[in-house]
Amino acid sequence: MVINRGQKSRILLVDDHPAMSWAIKSMILKHSLLEIVGEAYDGMACLQKIKDCEPDMLVLDINLPKVDGLQVIRKVKKTHPNIRFLVMSALDERVYSYRVKSIGAHGFISKTACSELLVSAITAVACGYSFFSLNQYGKPISDQERAISELSSREFQIMEHMAAGKSN
């Protein structure tokens, strides 16, 4: 649901770092149009809480235990197509903002963004807008970065292991 006059957007906050969740929750509590209706610390718990909390929006990390944030988005889109998604991550914005947009997220914000920008991103997505910055350099994503962003989660994981010098 998109925020209408007099209604608050119901947010389920999903992050495996309690300190990050606390900080974001503190920022959201100051906003009159936003309401935290639940918190989850892994993807599986998020999927369970959606049934109980009936959120309008998920604010979630990509790297989550049990079920990653990208899988959460894919699964929730099938069963709750009206839920909106803002992904927040410390991962490379130039790669992941394109990737999350391609699977149906409504926004991407870096965890290193200032608090005002984070609240603006949450509010924008809650109000029915998208929130994607071009990238930190203001340049379009390159073909190589786009190719990386289109890898499946498993392919991406294998590439990360190869880059770290691991085999098998």
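Under my numbering, the residue at position 45 of the sequence shown is numbered 45, and the numbers go up by one with no gaps.
In this text, a Cβ means the ideal position worked out from N, Cα and C, and glycines have one as well.
Query, Result
"Contacting residues, own chain, Cβ-Cβ under 7 Å from SER115 (five flanking each side not counted)", "MET27"
"Runs of alpha helix (DSSP H) wholly within the stretch 59-96 (minimum 4 residues, chain order)", "69-79"
"Inter-stretch contact at 8 Å, needing at least 3 Cβ pairs: the stretch 64-71 / the stretch 4-20", "yes"
"Beta-carbon gap between VAL125 and HIS106 smaller than 7 Å", "yes"
"DSSP bridge partner residues for PHE131 (one or two, in chain order)", "GLY107"
"Cα-Cα separation, PRO65 to ILE83", "21 Å"
"Beta-carbon separation (whole angstroms), PHE85 vs ILE109, contact threshold 8 Å", "Not a contact, Cβ separation roughly 11 Å."
"Which of helix, strand or coil DSSP assigns to GLY165", "coil"
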